[in-house]
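Chains as they are written, first to last, in my numbering: chain Y, 1 to 466; chain E, 467 to 946.
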C-alpha cells in the first residue's frame, strides 16, 4: 500500500519481473517483491483479479494468457529480467517459461507441483533452461519433516548445505534458561551454538550478551546439525525424532510429507476422504497406512489413536479445518502438532491462538525467490546469497552469503569490523566445517557466512558494514 | 476513510502550490512590478499551511478509490481558492467570485475569462494565469506523484480520479515513473513549442504564456484579440501544437520507444485526426466565400477546429459571425473533445468512438437478435465494467449539462448563450457563441450563473464522479 520504505536495496536498480498467475503464491510474490522495490508486471486471465491486484499494489496488470508470446510482449518481456510462472497448471507454467526463455532469453522460474514432474524437476530445469523450479508443497513437507525429527522446536531452517540449523523454541515454564542472560548461559555451557534473536510481546531483538531470558520468549539459535538434539536437551527440551505420525488429508503435501517421513523410518498413517485418492496413495506409498474416512470426525480420530500418536499433521485443503484439528489435538493428546496455513490473511488471529509450529508454504516459496531476485539485482553474474530465510513474521532475515573475493570484510578480525547494529554473524562455513566465530576469527575468501539481522534487503556481505 | 492520509496529500498540494506561486514572483522582479508581493505572501502562507499539514507522515497508508476521489476533488477546490487570492489582493480582479472564476477557469484549462481588458493586466498576473493552465493540464496530483515519494498501489486511485479518460492505465509498473514519463513528455513538447515560437518571432513573454496555454489546452490569451494579432506562421504553429497536445499521451510514449506502428494503430488517435480533417474540410468550404484566399480560409478553419476540439479556446477570428453550419460543427466538436489521456477536455474521442460502436452493435442486434459480438478497442475487448461506466458517464454528462443551462436562462441569457456557455465551460474550452463568443467574455453573467459554471468547469475537468462523490451524504458521515 501507500508506504514510505527505506530499504537498503532501494539504491540498486530494480529488477523487472513478470509474474504469471495471481493465485495465492502469485499474490504472495507480488507482495514481497514490491516491498523489495522491484518493477512488477502481473499477467492473469481473470480481469477482476488483475484489477484487484493493481488497485492494491503499485504494479502493472495485463489480462491474458501468460504463455502467449504476444501477451508476454505486452508485459515487456523484451527487457524483463525475470519471469515467474505460478498459475494453477504445471504445464502452463512450464510453457510460459519455455516461451520466455527460448524467444527472449529471460531468466525464468516455474512452479511445478505434480509429483509426476517433481521427481524430474532437476532434469526439466536443466533441459528447459529454467533458473529455478519451485514446489511449495514439497518445501512445506520438507519443513514439516524437519520439525518432526526435532519435535521440541517451533521451526527449523537449514543452512550450509544442511550442516547447520537455525532452531526456534519457546521458553516454557521450568526451562533452565529463564532468569539467565545470554552471556551467563554461554559461560556455563560449551555447546557449539549461538543465540541469534528473541521475540517478546511481538517485538523482536537481536541477541546481545546481557539479554535476560524470560518465560514465554521465543528464542532462535544456530547450532550444528549433528548436535541440535544435544543443545535442545541442555535447554530442557525433549529431543529425539517422533516414531509415528498421523496425517489428515491426502493431498500433494501429505504425499510429499509421507514420502519424506517414511524415508526417515517414521511410520505414517493418512486419513483421506476420497476413495480414489486413497487408492492412489496406497499404490504410491505402500509402506504407509491409508484410512478411508473423514479426518474431521472426532470419533474416527479417537479410533485411530490420536491420543497416543507422537505427531499429528492436519493437511486438509481448508485452513479453518486444519486449525480446529490442531486445537483439538492439543487438547486431547501431547502429540507434536504442525499446522499448515495457506492463507496470508488473519495472521494475527492465528498467532494469538498459540498453535505451536505453523508453516506458511507461501513464505517458503517466496524466500527462495527473494534470495534469487536479490542476487540477480546485485550482480547478474555471481550469486552471493546462498540461503535466505525470514523469521518472526518477516521481521528478521537470516542470510547466508558466499564470500567469493577479497573485500573489506575479509582478513580482518571480526571484532575490528565496524558492523551495523541489530546484526549478528552466527557462523562461518569453512570447507564444509561450521565455525561459531569469536572476536579473533576472520572471514576468508571461500567461506560462506551467515548473518541474522532485523535490517531488510541485504544482498551482499558488504551490507553488514556500517 | 483515512483522514490523516487525505490531510497529508492535501498538505503536499498546498506546498506545491506555494512553490508554483513563487514563479510569478520571479516574473514581477524582472518586470519591477508591485504585484509580486501579494503572490509572495500567498505563496509563503500556502507553503506554511502545507508544511504544517504534511509534517507528520501518517501511519495508516490505506488509500482506496473513495480516498482518491475525495482527495482529488478537495485538492482542486483548494488549489483554485488559494490561486485566486493574489488576484483579489493585487486589486486586479477585486471581486472574489470573479477571481475564483478566473482561477478555476485557469486550472481546469478552460480559458473562459471574466476580464474585459486583458492587456491592462500586469505581467505577473498574466504569467500566473497561463501557468495555472500548464499545471492543470496534466494535473497537479500527477505532478505530486512524480515528485513526492509515495509508493504503493493505492496511489493509482489519485491518478485515476484526476486523469481524463474511461480507463486509466500505467505505462510502466511503478506509478511514480509513469507520472514522470508523462510530465517529461509534457515538458519536452512545451519547451519545443516555446523555442519554435521564439524562432517564428514571438516576443519572449508572449511565447511563454502562449506555450503554457497551448500545452495545457487552456486558452487564456494575453491579448484582447487572443492569437489573431500574430503572423499566420505562428497561427499555424499554435494550430499544430494544440492538436498535438490533444493526442493521447500513450501515443507519444510509444513514439519514444520507437514503436511507431503501435502509436499509429491507436484507434482513438486515428479517429481524432479523421474528425479534425473532416471538420476542417467542411468548414473551409462553408466559409471560403468570406475570405480573400482559400489559404486564409484553411488557416482560419484549421485554427478554430484545432482550438475547439482540443478544448483550448484560442481564437483568430470571430467564429460567431460564421454561417450556422460551421457554428454547428464547432459546437459538436466542443462536445466531442480531445483524446483520453491528453491534456484536453470534453467527452473524449474514445468514449464517442465507443458509443458509436455500441449503437452499431445495437442496430446489428435488431437484425440478428441472437448474435454474440464483443466490443473491441485497439484489439482488446472492453470489459462489462468499463462498458457500463461509459454509458452511465454519458447519461450523467447530459443530465448535468441540461440542469446547468437552466440557471443561466433564469438569469436572462438567451438560449444560444446559455447552451454554449455551459458547453464551453463544462468541456473546458473557453469561448462559446453569441454573448460568450470569442470576442466577448463571461463578465456580464449573473452571480448564480458564475457559480454554476465554476462547478461545471471542475466537474468537466475531473470527469464528474470525483466531484459528485463530494455530494454524497454517506461520504460526509465517514469523513467527519
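Even glycine gets a Cβ: it sits at the ideal position worked out from N, Cα and C.
How long is the line joining the alpha carbons of residue i and residue j, rounded to whole angstroms?
i, j, result
"residue 689 of chain E", "residue 590 of chain E", "15 Å"
"residue 60 of chain Y", "residue 277 of chain Y", "40 Å"
"residue 829 of chain E", "residue 800 of chain E", "27 Å"
"residue 139 of chain Y", "residue 18 of chain Y", "23 Å"
"residue 439 of chain Y", "residue 415 of chain Y", "5 Å"
"residue 728 of chain E", "residue 75 of chain Y", "14 Å"
"residue 920 of chain E", "residue 898 of chain E", "15 Å"
"residue 406 of chain Y", "residue 465 of chain Y", "15 Å"
"residue 29 of chain Y", "residue 284 of chain Y", "32 Å"
"residue 560 of chain E", "residue 552 of chain E", "10 Å"
"residue 673 of chain E", "residue 67 of chain Y", "52 Å"
"residue 275 of chain Y", "residue 118 of chain Y", "24 Å"
"residue 84 of chain Y", "residue 48 of chain Y", "21 Å"
"residue 94 of chain Y", "residue 111 of chain Y", "8 Å"
"residue 769 of chain E", "residue 697 of chain E", "13 Å"
"residue 603 of chain E", "residue 156 of chain Y", "57 Å"
"residue 804 of chain E", "residue 760 of chain E", "27 Å"
"residue 162 of chain Y", "residue 339 of chain Y", "23 Å"
"residue 88 of chain Y", "residue 20 of chain Y", "10 Å"
"residue 295 of chain Y", "residue 818 of chain E", "60 Å"
"residue 27 of chain Y", "residue 62 of chain Y", "14 Å"
"residue 935 of chain E", "residue 223 of chain Y", "60 Å"
"residue 216 of chain Y", "residue 234 of chain Y", "18 Å"
"residue 40 of chain Y", "residue 525 of chain E", "25 Å"
Report the option in the options whose CA atom is closest to the CA atom of residue i.
i, options, result
"residue 597 of chain E", "E:635, E:524, E:802 and E:677", "E:677"
"residue 152 of chain Y", "Y:308, Y:142 and Y:175", "Y:175"
"residue 387 of chain Y", "Y:158, Y:444, Y:27 and Y:65", "Y:158"
"residue 401 of chain Y", "Y:339, Y:360, Y:457 and Y:322", "Y:457"
"residue 369 of chain Y", "Y:135, Y:73 and Y:145", "Y:135"
"residue 612 of chain E", "E:582, E:632, E:583 and E:653", "E:653"
"residue 238 of chain Y", "Y:304, Y:147 and Y:326", "Y:147"
"residue 80 of chain Y", "Y:25, Y:246, Y:412 and Y:16", "Y:16"
"residue 699 of chain E", "E:765, E:734 and E:841", "E:765"
State buried or exposed for residue i, treating a residue as buried only when at least 16 other CB atoms are found within 10 Å of its CB.
i, result
"residue 724 of chain E", "exposed"
"residue 942 of chain E", "exposed"
"residue 190 of chain Y", "exposed"
"residue 397 of chain Y", "buried"
"residue 13 of chain Y", "exposed"
"residue 72 of chain Y", "buried"
"residue 445 of chain Y", "exposed"
"residue 780 of chain E", "buried"
"residue 928 of chain E", "buried"
"residue 608 of chain E", "buried"
"residue 640 of chain E", "buried"
"residue 837 of chain E", "exposed"
"residue 868 of chain E", "exposed"
"residue 471 of chain E", "buried"
"residue 381 of chain Y", "Below a pLDDT of 50, predicted positions are generally treated as unreliable, and residue 381 of chain Y, at 41, falls in that range; no measurement from the model is reported."
"residue 908 of chain E", "buried"
"residue 213 of chain Y", "buried"
Starting from residue i, follow its DSSP beta bridges and name the residues at the other end.
i, result
"residue 312 of chain Y", "Y:246 and Y:337"
"residue 44 of chain Y", "Y:63"
"residue 424 of chain Y", "Y:452"
"residue 792 of chain E", "In DSSP, residue 792 of chain E forms no bridge with anything."
"residue 389 of chain Y", "Y:398"
"residue 429 of chain Y", "Y:434 and Y:448"
"residue 193 of chain Y", "Y:223"
"residue 320 of chain Y", "According to DSSP, residue 320 of chain Y bridges with nothing at all."
"residue 307 of chain Y", "Beta-bridge pairing links residue 307 of chain Y to no other residue."
"residue 289 of chain Y", "Y:269"
Mind reading off the beta-carbon distance from residue i to residue j? Whole number of angstroms is fine, and I expect it under 8 Å.
i, j, result
"residue 270 of chain Y", "residue 293 of chain Y", "With a Cβ gap of about 11 Å, residue 270 of chain Y and residue 293 of chain Y do not count as contacting."
"residue 519 of chain E", "residue 473 of chain E", "5 Å"
"residue 446 of chain E", "residue 875 of chain E", "Lying outside 467 to 946, the shown extent of chain E, residue 446 of chain E is not represented and no answer is given."
"residue 426 of chain Y", "residue 451 of chain Y", "7 Å"
"residue 621 of chain E", "residue 348 of chain Y", "Contact flag wrong, Cβ pair sits at about 26 Å."
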